[in-house]
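All remarks here apply to the structure that follows.
There are 2 protein chains.
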Amino acid sequence: MLPHDHMPKAREELRRLVAIPSVSARGEKLVECAEAVRDLLVEAGFNTEIQPGEVGPFVVGEIGSGPLTVMIYNHYDVQPEDPVSLWHFPPFEMSERDGRWYGRGVADDKGEFISRLAGWRLFREQHPGPLPFKLIWLVDGEEEIGSPSLEAFLKRRFEGEAVDICWWEYGEIDASGRPIILCGFKGVMAVELRDRTARADLHSSLGAVFDNPLWRLAAATASLRDNSGRILVEGFYDAVRQASLSDRELAAAPPYSLDSLVEATGAQRLLDGVDAENFYNAINFEPCMNVNGFSGGYAGEGAKTVLPGEGAVKIDFRLVPDQDPQHIVALLRGHLDRHGFEDIELIVHDANVKPVRASTDHWFVQDAKELLEAHFGKSAIVQPSSPASGTAYPFVEQLGAEIVGLGITHHGAMLHSPDENIIIDQFARMIECSAAILARLSQRAIRMKGRSNPEQLPDGETP
Amino acid sequence: MLPHDHMPKAREELRRLVAIPSVSARGEKLVECAEAVRDLLVEAGFNTEIQPGEVGPFVVGEIGSGPLTVMIYNHYDVQPEDPVSLWHFPPFEMSERDGRWYGRGVADDKGEFISRLAGWRLFREQHPGPLPFKLIWLVDGEEEIGSPSLEAFLKRRFEGEAVDICWWEYGEIDASGRPIILCGFKGVMAVELRDRTARADLHSSLGAVFDNPLWRLAAATASLRDNSGRILVEGFYDAVRQASLSDRELAAAPPYSLDSLVEATGAQRLLDGVDAENFYNAINFEPCMNVNGFSGGYAGEGAKTVLPGEGAVKIDFRLVPDQDPQHIVALLRGHLDRHGFEDIELIVHDANVKPVRASTDHWFVQDAKELLEAHFGKSAIVQPSSPASGTAYPFVEQLGAEIVGLGITHHGAMLHSPDENIIIDQFARMIECSAAILARLSQRAIRMKGRSNPEQLPDGETP
């Protein structure tokens, strides 16, 4: 661990936040945690307010002004601690062992928040006086339940405002300690197909005459893609944005091997055509379809020769810019109808999370890369897109922000699981790195101010 | 109810048998019930023995000799009484209400057995003296658990014996009171396809690279048939025996309408190409495939975007003569391999129940039709095959018997369900009808004996 004056205070703050079981799924201790976050931001010099959410309130801190607006996004709510019996530590007390802190939220996202906040204080020690850019700190209380009121809140609270950069709630550190800068997230669309062919389950002998809902669902599901994972829904790929040259260069040089991914996941069967050369391209830029689960009929031990009366299959699609989940729902309905599956009901569980992708050669990404490498002592990875999804789209759509994720969620952090943890050394490094990033943002802002008309800079040009 | 001297004794015997909870699934009271059956057969004049089975013993009674051997097959074991709370009567006491008897086994199969036994006594009153044919009465104690030791028992006990006719354990009475003579049963093959593509469930974002076991199972399942229910496994139909002219004539004149079947089952979706003209043909002569259930991944409320590590689908095939379930298993494995599903494991739950079909114009079928019509006052239906299955094949294979089902299982009998029941009037009629059938068999046997070489009669010719 780096010696650092700011560490004892940061540790104590994180310990206090972890001790508040702010489980949004149960609506628990959200106001109490929001008030603790507000007090921290007030103490750190921010104009701070608490704004109502649907389940838990939002905390907003603002400071500074200038030609550049940066938003830091975090959340103070956490996942439930279940199953408690699998924890080796009390979930809501921060424990230390072998260079790690353990506890629910110690990484996701209270640890990310506190490392940045301590970095802010270090930066202010080194750079007191007026902040030459506008910094908005938004701390969500509903992230773990899908941020149901975020979009409406951003529209209401930030009407007409523009944000240049949104520093996303987390970033990753890979297994060998290399920081990963996430420049995008896939969208997601989660649906359920249901079919009912009879009032109740029937004797399977009647399958000579009557159709079988599970066969119909299997046939419909099979029709959606091929062995290579290519999705066969007409028009599905029409809106896919071509990756930029620099994105493609990054994807052509995977920071880890396919073998290591196979080893880490235990996955045994690649899609047809996926190989060591192209897998990272698929992870960054390819949409995909997943069958999440089937239900209906008999799924117990042995055989029961029943003709089910109804069935269902859950499917998700991971989408890439500029696919719109709502539009994909319409394409899927059209596909089912054209293929003779008009009887299959289409239920939409989620069609709100649109994909986003910032430019990997944005100056902030390049600055962050340089500073992460300096503070973590390893080459940083710029990843064009996470293969996973985040509710980042409202920040892009409402505020025009570029979303960039950098932080200290390491690959053994056990997010959402028992023994969630953070590596103390990485936490300490991120305090210093955050201070350096904020200092660099100040320099950028001062230079932008020095120019006559900084708003007309072409996209991606260094201000 | 017909007035009948044999009724009080038959009612009392059935009441005593129903009071013995001979549930083979729990291995309960099987010996006690076998002994009660043995006592009844001994009292009725049979040479009787109890032979060990795997779970419950077999009871065998024999009497008579001659050029004709007839076997009556019944079983004394019953299905469990669960769910008890849905019964309106105590399951193991015979209750009477509105012309019906209620209780577990009152129809399946203790009621069928006692009606025939009382018929035997009536016949013997009318026709004392030596029985001019050989009658074997076999009462199984394991039918409700799939008769696991029946095949081996028949081989052991009846080595080298030939049986002309096996009077099957039940027959049906339709909703309008017409007796149905069942001349065959479909076979059944029940399998499970399993696929595993990873050690555990993965984050569904990895679906861009790794395959999905539920998609693979859906694609494999979809490949097995088309929209019309036609099975696409190569060679599947090769062994299908062409129905005889009389079978086809019977199937062309359905005894009930497609509308009434739709009404009774609540099934809403016919297979492509099935209509009012051909549905009865499919029920009698077409094999079919059923998806019984899928498992794997998430099947709860709402969405969970998981990439399952493994999955399974249960499928049964109803088979027709002369398809062999074991051979169909091999064809199915070949189909999966040829279609790129070598990774899918094929687990066989049941491949023992082969299809059987007697000739609908056999003299015994014609005799039974005439006598059922005389005693039930309605035209009888000769049904070439039940759409369901029975473990009838060992009787055909070991003993060369023609299987014919006639009895009093009416369409509201609630077999295997709460409130199992039998219509008392039909029970009484079956006593008289059974006596008449046995008398007719005696006449046939006497005529056969009168000929020099009755064994050389062409198949189906009236002896």
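If you read the protein sequences in the order shown, they are chains A and B. Here the working numbering is used: position 177 in the first sequence is 174, and no number is missing along the way. Here the working numbering is used: position 410 in the second sequence is 407, and no number is missing along the way. Think of the CB as a built atom: it goes at the ideal place given N, C-alpha and C, for glycine as much as any other residue.
Three-state class that DSSP yields for residue i in the structure shown
i, result
"B:N209", "coil"
"B:E298", "coil"
"A:P125", "coil"
"B:F291", "strand"
"B:K107", "helix"
"A:D198", "coil"
"A:T406", "strand"
"B:I443", "helix"
"B:Q380", "strand"
"A:S449", "Here A:S449 scores only 48 on pLDDT, less than 50, and its place in the model is too uncertain to base an answer on."
"A:R8", "helix"
"B:A432", "helix"
Neighbour flag for residue i against chain B, beta carbons, 7 Å
i, result
"A:E260", "no"
"A:I142", "no"
"A:W134", "no"
"A:F291", "yes"
"A:Y295", "yes"
"A:A249", "no"
"A:T45", "no"
"A:I170", "no"
Cβ of residue i within 7 Å of any chain A Cβ
i, result
"B:I177", "no"
"B:H408", "no"
"B:E283", "yes"
"B:Q265", "yes"
"B:D347", "yes"
"B:I312", "no"
"B:L211", "yes"
"B:N287", "yes"
"B:A300", "yes"
"B:L268", "yes"
"B:S21", "no"
"B:S254", "no"
"B:S202", "yes"
Closest by C-alpha distance to residue i, when choosing among the options
i, options, result
"A:K183", "A:G294, A:A279, A:G297", "A:A279"
"A:S376", "A:G174, A:K152, A:G157, A:L83", "A:G174"
"A:F86", "A:G297, A:D416, A:R444", "A:D416"
"A:R191", "A:E25, A:D340, A:R12", "A:D340"
"B:P486", "B:P322, B:R196, B:V185", "Residue 486 of chain B lies beyond the residue range present for chain B, which begins at -2 and ends at 460; the question has no answer from this structure."
"B:R23", "B:L412, B:E141, B:R222", "B:E141"
"A:V206", "B:L179, B:T218, B:G168, B:D256", "B:D256"
"A:L396", "A:D161, A:R245, A:P318", "A:D161"
"B:L132", "B:T262, B:C430, B:G299, B:N44", "B:N44"
"A:H407", "A:D106, A:A197, A:P80", "A:D106"
"A:D358", "A:K351, A:K366, A:P352", "A:K366"
Per-residue contacts from residue i into chain A (C-beta, under 7 Å)
i, result
"B:A216", "A219"
"B:N418", "Chain A residues near B:N418: none, gap ~19 Å exceeds 7 Å."
"B:R472", "No information on residue 472 of chain B is available, as it lies outside the stretch -2 to 460 that chain B covers here."
Proximal residues of chain A, C-beta to C-beta of residue i below 8 Å
i, result
"B:V350", "Those do not exist, as B:V350 stays about 10 Å from chain A at its closest Cβ, beyond 8 Å."
"B:P305", "V288, N289, G290"
Residues that residue i contacts on chain A, provided the C-beta gap is smaller than 9 Å
i, result
"B:F276", "A205, V206"
Partners in chain B for residue i, counting only beta-carbon separations shorter than 7 Å
i, result
"A:V185", "T302"
"A:V271", "V206"
"A:R245", "Residues of chain B passing the Cβ test: none, with the nearest at roughly 16 Å."
Contacts of residue i in chain B (Cβ-Cβ under 9 Å)
i, result
"A:A279", "A205, V206"
"A:P127", "Within 9 Å Cβ-Cβ: nothing; A:P127 doesn't reach chain B, min ~43 Å."
Chain B residues whose Cβ lies nearer than 8 Å to that of residue i
i, result
"A:L229", "Those do not exist, as A:L229 stays about 12 Å from chain B at its closest Cβ, beyond 8 Å."
Residue i CB to nearest heavy atom of the ligand FMN below 6 Å
i, result
"A:H346", "With respect to the ligand FMN, the structure shown offers nothing to examine, as it has no ligands at all."
Residues within the region 356 to 370 of chain B neighbouring chain A, beta-carbon criterion of under 8 Å: none
Of all the residues that make up the region 380 to 414 of chain B, which are near chain A by a beta-carbon distance shorter than 7 Å? P384, A385
Interface positions of the region 60 to 85 of chain B facing chain A (Cβ-Cβ less than 9 Å), listed along the chain: none
Short-range partners of chain A found in the region 316 to 341 of chain B, where Cβ spacing is below 8 Å: Taking 8 Å as the Cβ-Cβ cut-off against chain A, the residues of the region 316 to 341 of chain B that qualify are G337, D340.
What residues from the region 188 to 200 of chain B come within 9 Å of chain A, judged by C-beta to C-beta, listed N to C? V188, E189, D192, R193, T194, A195, R196, A197, L199, H200
Please name the residues in the region 90 to 120 of chain A whose beta-carbon is closer than 7 Å to at least one beta-carbon of chain B, in chain order. none
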